[in-house]
Amino acid sequence: MNLWRKLACVILAVVLCASFAANWLAPAGYARQYREATNAGPSRTHWLGTDEIGRDRFARVLYGTRISLLLAPAAALLSTLMAALIGGLAGYLGGVWARMAMAVTDLFLSLPWLFLLITARALMPLNVSPLISVLVTFLLLGLLGWTTAARVLCTTAGSLRSADFVRQARAAGIPGQRLFWIHVMPNLKPVLYAQFWISIPVFILSEANLGILGLGVAEPMPSWGSLLKELEGLVSLGDEPWKFVPLILLVLVVISFQLLLSRHDEVAA
Amino acid sequence: MSGRHKMRGQMSKTCWKSIAVGVICVASLSAHVAAQAGGELKFCLRMEPKTFDPLKVEDEASAAIRYLTGGVLVRVNRQTQELEPELAQSWNISKDGRQITFRLRSGISFSDGTPFAAEDVAYTVQQLMDPALHSATGDAFRSGTGNVESKVISPTQISITFPAPVAGLDRLFDQVAILSERSPKKETAVLGPFIVADYKPGATVLLKRNPNYWKTDGQGRKLPYLDSIRLDIQPNRDVEMLRFKRGELDLINSLDSEYFDKLAATSPQLVHDAGPSLDSEQLWFNEVAKAPIPRYKKNWFRSANFRRAISEAINREDLSRIVFHGHAQPALGPFSPANKFWFNSNLQPQTYSPDAALKALQTDGFRLENGVLKDKDRNEVVFSIVTNAGSKPRERMAVLIQDDLQKIGIHVNVVTLDFPSLIERMTQSFDYEAIILGLTNVDLDPNGEMNVWLSSSENHQWNPQQKVPETSWEAEIDRLMRAQAASTDPRRRKEAFDRVQEIVAEEQPFIFLINKNALSAVSTAVHGAAPVILSPQTFWNADRLTVAAK
Amino acid sequence: MRARIAGHALALVATVFLGGLFSATLVRLAPGFDVDEQQLDPHLNAESVQALRAARRQEHNIFQFYFSYMNRAAHGDLGTSLALGQPVRTLLRDRAPLTLRLLAVGLGLGWVAALTLALTAAWLRLSAYDLLTTLVSGTFLCIPAAVLALLSVLWNVPGSLAIALIVFPRIYRYARNLLAKSYSLPHIITARAKGLGEARILFWHVLPGVAPQLLAVAGVSVSMAVGAVIPVEALCGLAGVGQLAWQAALARDLPLLVNITILVTLVTLLANSGADVIGHMVRAQES
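Protein chains in written order, with this note's numbering: chain H, 580 to 848; chain D, 207 to 756; chain A, 457 to 743.
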């Protein structure tokens, strides 16, 4: 496993460095339109070809990485922390607290949040910079994405509450707050890691889907999500395998994250 | 000039052409028909039909079903653009343009066997003009206040009198499917070639041959040839294309240019480009006085010079070539050259010249500083272009325009919104700066666009509901549009609308971008198809199509 | 005990009621509520456009709307869809069976795949196998749901398979982590060291410990599948409730949306409460 972890570190480092070196690696930039070479295949000048309006795909992948690879994990972390706090605390405290928290969670799981996002877009000015727009989008995703994990965490924390080692600790006079952080939280890690890992690609894809509401990255800025959305034109993709590069890159990154997380998991265990 | 004379006059110009087309169609058809009649035609509706009541039709899907099931008094031939007799053998418009008299065919029955007579026409008109119905088809006839009166002269003759002259009156009846007054089945009893046999919401509409359809082909065979038409409700274009390629669908209407090229590369015999359609795509700026946008921006948008400069800085050739893969033409004005009679052929194409655009802006006090355009008060020229999400061509056009305008120092933010949010900004809050949308022209007659051009209208998008025209050119357009609507003389109407087109080209309240070509795909199993630019492109002659067994 | 059950039922009803009210409020406050695409039709005159706008005004006061809705719902009338003009009751009745079937088959397949992989991974504890399962689940997690739905059309496989592939990686990751954690607990390690059979360890020691949590995952997986139903039905042309929900959202069809939200809330609550109750029973039995 050690070798795999090292490899994961290398992959993440290479992807991250390449995205920050985008200015050098792809000097044309993500917005430049080569209007005479639209929809071109890979060539020496355009390693991954060009998109429908002649923009260099390689540059777009690199610049898209910058946004998605920084913001999606940040949003995933936010949602994981919220899940830990809400689900973990509710389960740990039990009783009415747990019931109330879970009722709220169930409501959160059922409501049509699409309309909240539409309202959020309406509250933002139209001339907002693409970066602010994408930041707001990931923030909203982070704030809304905690529910699934919270429900599982509540159950986990609930069973821990009655576990022997927690009872013993409580009998030994360890205060409740300390008990929660020292004894309960570490045991929630399997669920927290799962939530964090799942959230990264889910948020990256959701960001692109929110494009239909005017949220997410605005043109001409790229994101992995918007590049992956191209895959929806499957009918025309048969003979253009290079369009799968963003997907392969995302899978690589997501698996690298999992390899790194699983190491911590073992330590925690 | 009476309507009947007008029809004859126009027919003479294209008479030979239609006869030739007709002969070719009949000749090619008869061979197939002899071998194979019947079959089921299958294609997609892109949305759920909102109604099966022909009088309440408002959406494309319902309009398609109305076209296939409804019997009309007169029909605009989608190929020749001429008006042709259907249930009415002939018709006559009074000199004042207020009254139309139809002489109807006899011996025709509705699909349920109820006989058709002049009373049914009177009933249909009465239902259609009910003010509580709020039907788009009915509103097209409302030129003045007052009641519409129908007088049944005999079972085969009826005259309908309107309170004020209605320009292009006879052509409007192309949209009016006749209902039965006496049939217990009400609107499900039809006079068209097909009847609605089954409807599974969200999935399919099944149409079956109307056994009582009155038309026959040249050899006396009863029409329609097809047994049935299966309409699958499928909004996704990718899925539609997949299913067409698999042979599960026979037709695709309004094919995307991207798919057209992909399909043409492998099976050129399946795709049809009928040339520029009537539909246009345009950009416009918000000129509403009370709009919640900064005053200096309103000043830019209300300046014709600014609008002309933006128009000149947009590379329409690239829009056509890149976004539509060459299957579009730079637009010149509200009507495309496809509208043979009403298009003003004196309009000059908009030249593309960023330098000239910049010079024009400089006369308004704009200055280019370090690559950034600033107005005379040193405000940076930044604005947003909104378009509806999900329309790839519009999103791509917006990105190309963003890049074009960057060349003259203008920073554009492209925003895509879901349609209801966009409509709210456009019609209620007026909280937007520029919009790219399309205008779907179903009508050939400029009267169909009355509510777009009148400054008092709700659909005068750049500055709607003006109490009095805010500019002299809008006042002039109002006057010309009213004048053409009040006249029954086609020549005078044409002159007035030609002038409207010139004013629009000069003032650019709508910056017309392109006219899309009418692209379609037809399976080789379908015989008799001749896709045209007018809606419904591929199945306008559905009663004469046949589908070979696969 | 009876009082407790009554308390739970009351909480369930209150949550469903709140769900409907919140969803109505969200829809009402979102822009675009008052507009109808039809008003852009240039043929319509000013009176008709005004009439179109007025049609929505009766729903402006959300509390009034909701009160009258509840009143009618109590008598079995769920209202009429604004966009489709049909009774909501008929629409839901016609479409629910298809969606329920999709959900059931999709979830079933997803769970079978996830549990098989997770159990074999926990059992084998081979890093290469673990990496392989992570690769498979990670790939499906990274493919947009719409693409999976399109692939199901392309390859002519049922939509339920697309739903299974959408929920599978999420269930797998939770199940795998929970099982791994369970297998690393001291008493399991000891049991293994003592040479207890793998099946016995799994069924007697591992599963009972993680059952409440796996059941909680099962509860939320219903919500995941409900979310996946929308793109799958919309793209595969399946006339179910998911497709209806998408149409309703685009048309701001308040009566339909409120009913669908209430339905989804009910399903979510039942799934999660059911999981909780069974979890409690398992725990009680264990202790």
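Even glycine gets a Cβ: it sits at the ideal position worked out from N, Cα and C.
Please read these numbers as outputs of a predicted model, since none were measured by experiment.
Residue of the options minimising C-alpha distance to residue i
i, options, result
"D:Ser693", "D:Val738, D:Gly303 and D:Met253", "D:Gly303"
"D:Asp684", "D:Glu601, D:Ser662 and D:Asp695", "D:Ser662"
"A:Leu706", "D:Ser551, D:Lys421 and D:Ile629", "D:Ile629"
"D:Asn647", "D:Asn721, D:Ile607 and D:Lys673", "D:Asn721"
"D:Ser627", "A:Arg484, A:Gly475 and A:Leu468", "A:Arg484"
"A:Ile599", "H:Ser738, H:Asn618, H:Pro825 and H:Gln837", "H:Pro825"
"D:Asn505", "D:Phe249, D:Val263, D:Gln554 and D:Asp570", "D:Asp570"
"D:Ser341", "D:Thr257, D:Gly276, D:Val280 and D:Asn283", "D:Thr257"
"H:Tyr642", "H:Leu720, H:Ala653, H:Ala607 and H:Leu664", "H:Ala607"
"A:Leu540", "A:Gly488, A:Asp492, A:Arg632 and A:Leu725", "A:Asp492"
"A:His516", "A:Phe489, A:Ser504, A:Ile627 and A:Phe624", "A:Phe489"
"D:Thr472", "H:Asp818, H:Phe637 and H:Ala600", "H:Asp818"
Which of helix, strand or coil DSSP assigns to residue i
i, result
"A:Thr595", "helix"
"D:Ser224", "Low local confidence applies: a pLDDT of 44 at D:Ser224 is under 50, so the model's placement there is unreliable, with the coordinate-based value given in what follows. Helix."
"D:Thr752", "strand"
"D:Lys248", "strand"
"D:Ser234", "Only weak support is given to the placement of D:Ser234: the predicted model assigns it a pLDDT of 47, under 50, and the value that follows is read from those uncertain coordinates. Residue state, collapsed to three classes: helix."
"D:Met632", "helix"
"H:Thr624", "coil"
"D:Pro543", "coil"
"D:Trp490", "strand"
"D:Thr472", "helix"
"A:Asn517", "coil"
"H:Glu819", "coil"
"H:Glu798", "coil"
"D:Phe450", "helix"
"D:Lys421", "coil"
"H:Gly724", "coil"
"A:Leu496", "helix"
"A:Arg528", "helix"
Closer than 8 angstroms to chain C by CB, residue i
i, result
"D:Ile528", "The structure shown contains no chain C; its protein chains are H, D and A."
Limits of the unbroken beta strand (DSSP E) element including residue i
i, result
"D:Ala757", "The displayed coordinates of chain D run from 207 to 756. Any statement about residue 757 of chain D would go beyond what the structure contains."
"D:Thr593", "Val588 to Asn594"
"D:Gln535", "Ala534 to Pro536"
"D:Asp433", "From DSSP, D:Asp433 is part of no beta strand (DSSP E); its letter is neither H nor E."
"D:Lys722", "Phe716 to Val728"
"D:Tyr405", "Phe400 to Lys406"
"D:Glu355", "Glu355 to Ser360"
"D:Thr410", "Thr410 to Arg415"
Supposed close pair residue i, residue j - CB separation, criterion 8 angstroms
i, j, result
"A:Val561", "A:Ser616", "4 angstroms"
"D:Asn594", "D:Phe625", "5 angstroms"
"A:Val676", "H:Thr734", "Not confirmed; about 10 angstroms, so no contact."
"H:Leu829", "H:Trp803", "6 angstroms"
"H:Ala651", "H:Phe782", "5 angstroms"
"D:Ala294", "D:Val280", "6 angstroms"
"D:Ile709", "D:Trp490", "Contact doesn't hold; Cβ gap of about 15 angstroms is too wide."
Limits of the alpha helix (DSSP H) - the one that residue i falls within
i, result
"D:Lys700", "Pro696 to Glu713"
"H:Lys768", "Lys768 to Asn788"
"A:Val603", "Ala601 to Leu610"
"D:Arg527", "Unbroken run through D:Arg527: none, as it is neither H nor E."
"A:Lys637", "Gly615 to Tyr639"
"A:Val469", "Arg458 to Leu485"
"D:Val605", "Lys598 to Gln612"
"H:Leu668", "Leu668 to Leu672"
Beta-bridge partners of residue i, as assigned by DSSP
i, result
"D:Pro291", "D:Val280"
"D:Lys673", "Beta-bridge pairing links D:Lys673 to no other residue."
"H:Glu809", "DSSP output for H:Glu809 lists no bridge partner at all."
"D:Ser315", "D:Pro321"
"H:Asp635", "H:Thr629"
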